[in-house]
Amino acid sequence: MIYADFNATTPLGTEAKQGILRATELWGNPSSAHALGRQAAALLAEARASVARAVGATPEEVVFTSGGSEANTLALWGSCLKEEKDFRIISSRIEHSSIRGTLAFLESRGAKIEYVKVLPTGNIDMAHFAQLLAEFKPQLVSIMAVNNETGVVLPTPEIGKLCRTAGTLFHTDAVQGFGKVGSEHWASADFVSVSAHKIHGPKGIGALVVRKGRQLMPTHFGGAQEIKRRGGTENIIGIAGFGGAARELEKTDWTHIRELRDALEDRLRFALEPVTVQGRSETRVPNTSNLRFPGVSSQVILGALDLDGICVSAGSACSSGSITPSHVLLEMGLSPEEARECVRLSFGKSSTAEELEAVGSRLISHVERIRARHREKAAGVTV
Ligand SMILES: Cc1ncc(COP(=O)(O)O)c(C=O)c1O
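Its first residue numbered 869, the sequence shown is counted upward by one per residue in the numbering used here.
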């Protein structure tokens, strides 16, 4: 089995497993005043400190959630405080479905949303953003740090700077950037979403960084957990795993993966011309490659690679299994047919040169075979 779908999820890392094991033994409720409770609270504090360090925040700024989706919902809905009506937000149309869904919900409750233009390169139009910011005067901006489908790194520092000057709160979904770009990239954001399972931690746990002094209405009510920003007994097992994964992040070196990814793209472009790489002219994270093989359906490639034991994705994981073209690629100007010809490869720190070599060889073989069959069909040859 070759796994090339790390943007969908990652396997548990060693330190995450160790953290989880420790948490199974320290099973007290961190809110309890007795010794067992204090042990669990100490484990929680240790994990919080590790996540905070990795994401570039203080421990008090970290609010644990059930994952990136909840962190996104909490940032957007929570920022409205008690009044969604006429709350103004600027976002983009290439965000994750958890942002898109929350925006649609808030709009149905009277919020006003404006969307910044997306360029064919996969980045956003910063001139349009500056104009929107000045004219629409939003209370909140929510723009992702790294796109999950193309790997394009968005200009978060510039967006943050403009928001600061305008007195607007800035949220960034850093789920795909966490661990791949430095935390200074979102240092100017007021709210930052991250998720454990994209960094070799467990699924079902994430965090929203809420910078000191920023107000937020909770979307989960209960006890005073997470300094009253997210009620409910903490998911200690998940949090301890997240802490372990965050500690291991510090040792990740992506240079090798970037070189392998770039070499694979060059090889495919040379062997299978015409091939396009979505987002290639922009700064991208080192592990992601979104490739289009004209004339070849991504569903057919996915099926063929699956039979070879190679896991890749068409568009984002959340839309795979359905043939709806990716909203990100459509926003970049691809037609629905073109978007259905795109395959996303995403590698991880454990990916090897041999694996990328095998992915390249199998892709070349399948695309050549499928294109040859199309040519024969067009020429009226029966096979
Ligand atoms: C950019 C982005 N944001 C948010 C999420 C959601 O994170 P989670 O799966 O932890 O809810 C994902 C997951 O695919 C993502 O890629």
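The beta carbon of each residue, even a glycine, is placed where N, CA and C say it ideally should be.
Point to revise | Rounded straight-line distance, which links the Cα of G1072 to that of H1053 | key: As a position in the sequence shown, residue 1053 is number 185, starting the count at 1. As a position in the sequence shown, residue 1072 is number 204, starting the count at 1. The alpha-carbon atoms of H1053 and G1072 are separated by roughly 25 angstroms.
Point to revise | Range covered by the alpha helix (DSSP H) that runs through E1127 | key: On the sequence shown, position 259 is the one that residue 1127 refers to. Residues 1123-1139.
Exercise for review: Indicate the three-state DSSP secondary structure (helix, strand or coil) for T1192 in the structure shown.
Suggested key: Translated into the one-based positions of the sequence shown, residue 1192 becomes position 324. Looking at T1192 - three-state DSSP - the assignment turns out to be coil, as it is neither helix nor strand.
Exercise for review: Alpha carbon to alpha carbon, how far is R890 from M1200? Give it in angstroms, no decimals.
Suggested key: Along the sequence shown, read from residue 1 onward, the residue named residue 1200 stands at position 332. Along the sequence shown, read from residue 1 onward, the residue named residue 890 stands at position 22. If I take the Cα positions, the gap works out to 46 angstroms.
Review point. Can you list, in chain order, every residue whose CB sits closer than 5 angstroms to a heavy atom of ligand 1?
Key: G935, G936, S937, H964, N1016, D1041, V1043, Q1044, S1063, G1074
Check your understanding: What residue range is occupied by the uninterrupted alpha helix (DSSP H) comprising C1031?
Key -> On the sequence shown, residue 1031 is found 163 positions in, with the first residue counted as 1. Residues 1024-1034.
Check your understanding: Which residues in the same chain have their Cβ closer than 7 angstroms to the Cβ of R840, if we skip the five residues on either side of it in sequence?
Key -> Residue 840 is absent from the model: the chain starts at 869 and stops at 1251.
Check your understanding: Given that a residue counts as buried once 16 or more other Cβ atoms are within 10 Å of its Cβ, and exposed if not, what is M1085?
Key -> Start at 1 with the first residue of the sequence shown, and residue 1085 comes out as number 217. The residue in question, M1085, is exposed, as its Cβ has fewer than 16 Cβ neighbours within 10 Å.
Review point. Are the beta-carbon atoms belonging to I967 and E982 less than 7 angstroms from one another?
Key: Translated into positions along the sequence shown, residue 967 becomes position 99. Translated into positions along the sequence shown, residue 982 becomes position 114. It is not a contact, given that the beta carbons lie outside the stated cut-off.
Exercise for review: Could you have a look at S844 and say whether DSSP puts it in helix, strand or coil?
Suggested key: This structure gives no information on residue 844, because the portion of the chain shown stretches from 869 to 1251.
Review point. Closest to V1077 by CA distance: which of H996, G924, E1003 is it?
Key: As a position in the sequence shown, residue 1077 is number 209, starting the count at 1. Closest by alpha carbon: G924.
Check your understanding: Taking the alpha carbon of T878 as the point to measure from, which residue in A913, S976, I1027, F1110 has its own alpha carbon closest?
Key -> Counted from its first residue, the sequence shown places residue 878 at position 10. Comparing Cα-Cα distances from T878 to each of A913, S976, I1027, F1110, the minimum goes to F1110.
Check your understanding: Is it the case that the Cβ atoms of N875 and N1016 are separated by a distance below 7 angstroms?
Key -> As a first step, residue 875 is located in the sequence shown; it is residue number 7 there, counting from the start. As a first step, residue 1016 is located in the sequence shown; it is residue number 148 there, counting from the start. Yes, the Cβ-Cβ distance between N875 and N1016 is below 7 angstroms.
Exercise for review: Could you spell out the range, first to last residue, of the beta strand (DSSP E) harbouring V1062?
Suggested key: Residue 1062 sits at position 194 when you count from the first residue of the sequence shown. 1059-1063 is the extent of the beta strand (DSSP E) around V1062.
Exercise for review: To the nearest angstrom, report how far apart I1169 and V1235 are at their CA atoms.
Suggested key: Counting from one through the sequence shown, the residue named residue 1169 turns up at place 301. Counting from one through the sequence shown, the residue named residue 1235 turns up at place 367. The alpha-carbon atoms of I1169 and V1235 are separated by roughly 7 angstroms.
Point to revise | Residue span of the alpha helix (DSSP H) that contains T892, given as start and end | key: One-based indexing of the sequence shown puts residue 892 at position 24. Segment 882-893, the alpha helix (DSSP H) holding T892.
Practice item. Determine the DSSP secondary structure at G1147, reduced to helix, strand or coil. Key: By 1-based counting over the sequence shown, the position of residue 1147 is 279. It is coil, neither helix nor strand.
Check your understanding: Across which residues does DSSP place A1075 in a beta bridge pair?
Key -> Residue numbering aside, residue 1075 sits at position 207 when the sequence shown is read from its first letter. F932, V1062.
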